[in-house]
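Trainee: Below you'll find the structure I mean.
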Amino acid sequence: MGYVGVRRVSVDRLVEQPSGRGLVAIPLALIVVITVVDLHSPTDVHLGPLLVIAPALTASLAGPRLTALVGILAVAAQVFIAMFHGGLTTANHVAQIIALTVLSALVVFVCHVRERRDRELSRARSVAETAQRVLLRPPPRRIGPLRVAWLYLAAEDETQIGGDLFAISRAAQSSTRVIIGDVRGKGLASIGEASVVLGAFREGAHRYSTLPELAAALEVSVCRDLEDVADTKHDPGEHFVTALVLDIPDEGPQGWMINHGHPPPLLLRNHEVTVLNARHPVPPLGMCGLPGASHSPDPLTFQTGDILLLYTDGVVEARSPSGAFYPLLDRVASFPASSPDSLLRHIHADLLAHVGGHPGDDAALLIIERTASPHPHRPHVTTRPVEGHHRFHPRGAPPSMDR
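Going letter by letter, the sequence shown gives residues 1183 to 1585 in the working numbering.
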């Protein structure tokens, strides 16, 4: 699965599709019906003014050229009716013809303006989507011994990225660096802050040999540049980024993670789900006024066949119509985790069903499996308490939640 993109097509291209042309038969049929009924009605009954419906309806189905053509046909039909009901010289018919001509011209003008704005909006969307794809580059499906699947749900419908972020990069040594984070705020206003973190991570992942050095470099970069890109005009409050940074070597099960105030990852192994709480948590990135924290990494045992589930708080804080948080841990335990793609599909569908639509906040999921063969298989997963870890529930949520 990985990521599914939706390709948007501009309105002027949609107009040229056969389905749009077929619908234009409706206003043409209206012209014929109104004309026939008017011709067979008494002379004191005037249905000609209803002909304006035809160009008005066409404007919602087609572009200005076809709308103008239907408007001309409507005026011609009005002239035809006038010829059989008193002639073209009567004041009533002259007024109707002039009014229909003016209204049709106005409809064509409005249709032209709307189409021009739609084209401009389509171009702007295309540029924005390209910039967003450059910023949030799709992670590779395979990197080193890892298999990856991911999902991003932006809070704003017209965007592909918001305040959540993630990236995967190879280090200079034989290991893979991973980051997932969440900017305080959501939507387009937080993209600039996300770009600072992603840029610093992609540069530092190759440069620094240890995870503490990389985490310290991220903090320095964010403290230096965050306020320059933050939307302080509309959001004058404090700006920071929660983040989880991991280093997963290619050889051996021992990895490392540093948690900057981010929700803890879930580890799926042998029918069990474990919450990997940080033993040495550090403040979120950008909390520059706090005393310097030592970036001591927490050990992470990541064996062949294990699956790591990284997520942002937009997932666990997604609410149902009744106000219940999404119980990610319980749901993951009930899904068959045969592969990252399969697990991601289950979570995605279940999350949307829980919310009853689109989440109100940015939400991101990153699922990573360590593999020894191209097609590993995972059994059904359940939960049990593990020493040193506890079951994680969303903030403020009760221990047991129903959908």
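Note that CB positions come from ideal geometry on N, CA and C, so glycine has one too.
Just so it is clear, the structure is predicted and the values come from calculations on it, not from any experiment.
Give the DSSP-derived three-state secondary structure of residue 1464 in the structure shown.
Mentor: Here residue 1464 sits in coil by DSSP.
Trainee: Let me confirm a value: residue 1284 is counted as buried when at least 16 other C-beta atoms fall within 10 Å, else exposed. Which label applies?
Mentor: Looking at its Cβ environment, which holds fewer than 16 other Cβ atoms inside 10 Å, residue 1284 is exposed.
Trainee: What does DSSP give as the partner residue(s) for residue 1210 in the beta ladder?
Mentor: DSSP output for residue 1210 lists no bridge partner at all.
Trainee: If contacts are defined as beta-carbon pairs under 8 Å, then residue 1463 and residue 1423 qualify, I think. What distance do you get, rounded to the angstrom?
Mentor: At roughly 15 Å, the Cβ-Cβ gap does not stay under 8 Å, so residue 1463 and residue 1423 are not in contact.
Trainee: Measure how close the beta-carbons of residue 1346 and residue 1496 come, nearest whole angstrom, since I'm counting them as under 8 Å.
Mentor: So it is a contact: roughly 6 Å between Cβ atoms.
Trainee: For residue 1456, is the classification buried or exposed, using 16 other Cβ atoms within 10 angstroms of its Cβ as the cut-off for buried?
Mentor: Buried is the call here.
Trainee: Give me the Cα-Cα distance between residue 1491 and residue 1244, rounded to the nearest whole angstrom.
Mentor: Roughly 47 Å separates the two Cα atoms.
Trainee: Start and end of the alpha helix (DSSP H) containing residue 1523?
Mentor: It spans 1522 to 1537 - the alpha helix (DSSP H) in which residue 1523 sits, taken as one unbroken run.
Trainee: For residue 1376, does the three-state DSSP call read helix, strand or coil?
Mentor: The answer is helix: DSSP assigns residue 1376 an H, G or I state.
Trainee: Taking all protein chains shown into account, do 16 or more other C-beta atoms lie within 10 angstroms of the C-beta of residue 1593, making it buried, or fewer, making it exposed?
Mentor: Here the chain comprises residues numbered 1183 to 1585, so residue 1593 is not present and cannot be evaluated.
Trainee: Would you check if the distance between the CB atom of residue 1482 and the CB atom of residue 1434 is smaller than 7 Å?
Mentor: Going by C-beta atoms, residue 1482 is not nearer than 7 Å to residue 1434.
Trainee: What is the DSSP secondary structure of residue 1554, counted as helix, strand or coil?
Mentor: Here residue 1554 sits in coil by DSSP.
Trainee: Could you spell out the range, first to last residue, of the alpha helix (DSSP H) harbouring residue 1240?
Mentor: Residues 1235 to 1241.
Trainee: On the three-pair Cβ rule with 8 Å, is the region 1207 to 1214 touching the region 1262 to 1271?
Mentor: Judged by Cβ distances under 8 Å, the region 1207 to 1214 makes no contact with the region 1262 to 1271, as fewer than three pairs qualify.
Trainee: Let's test the definition: count the other Cβ atoms within 10 Å of the Cβ of residue 1312 and tell me whether it reaches 16, buried, or not, exposed.
Mentor: Per the 10 Å Cβ criterion, exposed.
Trainee: Taking only three categories from DSSP, how would you classify residue 1336?
Mentor: Coil.
Trainee: Is residue 1427 buried or exposed, if buried means 16 or more other CB atoms sit within 10 Å of its CB?
Mentor: Under this definition residue 1427 is a buried residue.
Trainee: In terms of residues, what are the limits of the beta strand (DSSP E) holding residue 1434?
Mentor: It is not in any beta strand (DSSP E) - residue 1434 carries neither H nor E in the DSSP assignment.
Trainee: Under the rule that 16 or more other beta-carbon atoms within 10 Å means buried, what is residue 1233, buried or exposed?
Mentor: Classification for residue 1233: buried.
Trainee: Under the three-state reduction of DSSP, which class applies to residue 1359: helix, strand or coil?
Mentor: Residue state, collapsed to three classes: strand.
Trainee: Decide if residue 1539 is buried, meaning its Cβ has at least 16 other Cβ atoms within 10 Å, or exposed.
Mentor: Exposed.
Trainee: Helix, strand or coil: which one does DSSP assign to residue 1274?
Mentor: Helix, per DSSP.
Trainee: In three-state terms, what does DSSP make of residue 1227?
Mentor: Residue 1227 falls in the coil class under three-state DSSP.
Trainee: Rounded to whole angstroms, what is the Cα-Cα separation between residue 1556 and residue 1536?
Mentor: Because the pLDDT at residue 1556 is just 43, under 50, the model does not fix this residue reliably, and the point stays unresolved.
Trainee: Where does residue 1407 sit, in a helix, a strand or coil, going by DSSP?
Mentor: Correct three-state label for residue 1407: helix.
Trainee: Pair every Cβ in the region 1381 to 1395 with every Cβ in the region 1322 to 1333, then say whether three or more of these pairs are closer than 8 Å.
Mentor: Because the criterion of three Cβ pairs below 8 Å is not met, the region 1381 to 1395 and the region 1322 to 1333 do not touch.
Trainee: If you follow the alpha helix (DSSP H) that residue 1249 is part of, which residue opens it and which one closes it?
Mentor: Note, residue 1249: alpha helix (DSSP H), 1246 to 1266.
Trainee: Let me confirm a value: residue 1224 is counted as buried when at least 16 other C-beta atoms fall within 10 Å, else exposed. Which label applies?
Mentor: Its Cβ having fewer than 16 others within 10 Å, residue 1224 is exposed.
Trainee: Please list, in chain order, all residues of the same chain as residue 1405 whose beta carbon is under 6 Å from its beta carbon, the five residues on each side excluded.
Mentor: Hits under 6 Å: 1470.
Trainee: Rounded to the nearest angstrom, what separates residue 1364 and residue 1348 at their Cα positions?
Mentor: Approximately 9 Å between the Cα atoms of the pair.
Trainee: Residue 1549 and residue 1509 - do their beta-carbons sit closer together than 7 Å?
Mentor: Contact: no.
Trainee: With DSSP as the reference, label residue 1388 as helix, strand or coil.
Mentor: Residue 1388 falls in the helix class under three-state DSSP.
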